[in-house]
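*Asks:* When we follow the working numbering, the leftmost residue of the sequence shown carries the number 3, and every step to the right adds one.
Here a beta-carbon is modelled for each residue, glycine too, at the ideal position from N, C-alpha and C.
Nothing here was measured: the structure is a model prediction, and the numbers come from that model.
Please find one structure pasted underneath; my questions will follow.
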Amino acid sequence: MTSPATRLLIVDDDPEIRSLLGQYLQAYAMHCTCVGDGVAMRAALAEQRFDLVILDLMLPGEDGLALCRQIRSEGELPIIMLTARGEATDRVVGLELGADDYVVKPFDPRELVARIHTVLRRSLRSTAGGSANPQQDVHFDGWTLSHLKRELTTPQQLLVPLSNAEYRLLCTFLERPQRILSREQLLDAARGRTVEAFDRSIDLLVSRLRQKLGDDPKAPRLLKTVRGEGYLFDCKVRQ
3 MTSPATRLLI
13 VDDDPEIRSL
23 LGQYLQAYAM
33 HCTCVGDGVA
43 MRAALAEQRF
53 DLVILDLMLP
63 GEDGLALCRQ
73 IRSEGELPII
83 MLTARGEATD
93 RVVGLELGAD
103 DYVVKPFDPR
113 ELVARIHTVL
123 RRSLRSTAGG
133 SANPQQDVHF
143 DGWTLSHLKR
153 ELTTPQQLLV
163 PLSNAEYRLL
173 CTFLERPQRI
183 LSREQLLDAA
193 RGRTVEAFDR
203 SIDLLVSRLR
213 QKLGDDPKAP
223 RLLKTVRGEG
233 YLFDCKVRQ
């Protein structure tokens, strides 16, 4: 059960949604502060500490993506995005900017409660420990990933920029080399969320990571597709 001290910031321009969500989540021992735009969001964040932000994508003035980018640039406060857009590309953009999860409107409030619990558990585990050797570099097939600097270096010693989502996805593969991972496992491991079986946003992230690794999309050597099952990182990894 969520701790009584859990504090949520709900950012949505619909007063009815704010009211209903606030009342519903309070029944699960979550204390909610509800605001309608980015200005009020920043004021609330400056005044008190929150454990998680529920952020609507479509807002007046600054949209949710811009606000998500700002929150993530200032720290690791968990973010769940609410969106009426169900396309995989929109979901990937949110993940790229650092959102921990997304819920598509209309949604069952019980689903949102489950997502909140999952994201908070993931956040606590990350804060408590993180990876076993966060200071060590990881080497694979001539490539080097620096966890300390979050930098990927090619065998030719060139730096390859990684987005937040690409970095987390690569870490997930490097922690589980030569194992078949389903789409659900990949998104759950990378962002601590559960996904529907038809969700294809992870495919777009894998495609982007393949491009960064120079993997031939028609005949990938490192990131292989296992039809009907998921993906396999077919490479030996060492630290």
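Once you ignore the five residues that flank Pro157 on each side, which residues in its own chain have a CB closer than 7 Å to its CB?
*Replies:* Residue mapping note: residue 157 aligns to position 155 of the sequence shown, counting from 1. The answer, listed in chain order, is Gly144 and Trp145.
*Asks:* If you check the beta carbons only, do Leu79 and Phe52 fall under 8 Å apart?
*Replies:* Stepping through the sequence shown from its first residue, residue 79 is reached at position 77. Stepping through the sequence shown from its first residue, residue 52 is reached at position 50. For Leu79 and Phe52, yes; Cβs fall inside 8 Å.
*Asks:* By the 10 Å Cβ neighbour count, where 16 or more other Cβ atoms means buried, how is Gly96 classified, buried or exposed?
*Replies:* Residue numbering aside, residue 96 sits at position 94 when the sequence shown is read from its first letter. Under this definition Gly96 is a buried residue.
*Asks:* Please go through the same chain and pick out, in chain order, the residues whose beta-carbon is closer than 8 Å to the beta-carbon of Lys107, but skip the five residues on each side of it.
*Replies:* Looking up residue 107 in the sequence shown gives position 105. Cβ within range, chain order: Leu84, Thr85 and Ala86.
*Asks:* Report the CB separation of Leu69 from Gly40 in whole angstroms; it is logged as a contact under 8 Å.
*Replies:* Residue mapping note: residue 69 aligns to position 67 of the sequence shown, counting from 1. Residue mapping note: residue 40 aligns to position 38 of the sequence shown, counting from 1. Sure, about 5 Å apart at Cβ, within 8 Å.
*Asks:* Between Cys34, Tyr30 and Gln28, which lies nearest to Asp14 when the distance is taken from Cα to Cα?
*Replies:* As a working mapping, residue 14 is identified with position 12 in the sequence shown. Per the Cα distances, Cys34.
*Asks:* Roughly how many angstroms separate the alpha carbons of Gln241 and Val140, rounded to a whole number?
*Replies:* Within the sequence shown, numbered from 1, the residue matching residue 241 stands at position 239. Within the sequence shown, numbered from 1, the residue matching residue 140 stands at position 138. If I take the Cα positions, the gap works out to 5 Å.
*Asks:* Report all residues from its chain with a CB closer than 6 Å to the CB of Lys214; omit the five preceding and five following residues, and keep chain order.
*Replies:* Looking up residue 214 in the sequence shown gives position 212. Closer than 6 Å at the Cβ level, and outside the excluded window around Lys214, lie Val162.
*Asks:* For Arg210, which residues in the same chain have their Cβ closer than 7 Å to its Cβ, ignoring the five residues on either side in sequence?
*Replies:* By 1-based counting over the sequence shown, the position of residue 210 is 208. For Arg210, where only same-chain residues beyond five positions count, the Cβ hits under 7 Å are Glu168.
*Asks:* For Asp103, which residues does DSSP report across the bridge?
*Replies:* Working through the sequence shown from its first residue, we reach residue 103 at position 101. According to DSSP, which records beta bridges pairwise, Asp103 is partnered with Ile82.
*Asks:* Just reading off the alpha helix (DSSP H) that Phe235 is part of, what are its end residues?
*Replies:* Against the sequence shown, residue 235 aligns to sequence position 233. Premise fails: Phe235 lies in the beta strand (DSSP E), Gly232 to Phe235, not in any alpha helix (DSSP H).
*Asks:* Tell me the residue span of the alpha helix (DSSP H) that contains Arg74.
*Replies:* Locating residue 74 in the sequence shown gives position 72, counting from the first residue. Arg74 -> alpha helix (DSSP H) spans Gly66 to Glu76.
*Asks:* For the beta strand (DSSP E) that Leu54 lies in, which residues bound it at each end?
*Replies:* As a position in the sequence shown, residue 54 is number 52, starting the count at 1. Leu54 -> beta strand (DSSP E) spans Leu54 to Asp58.
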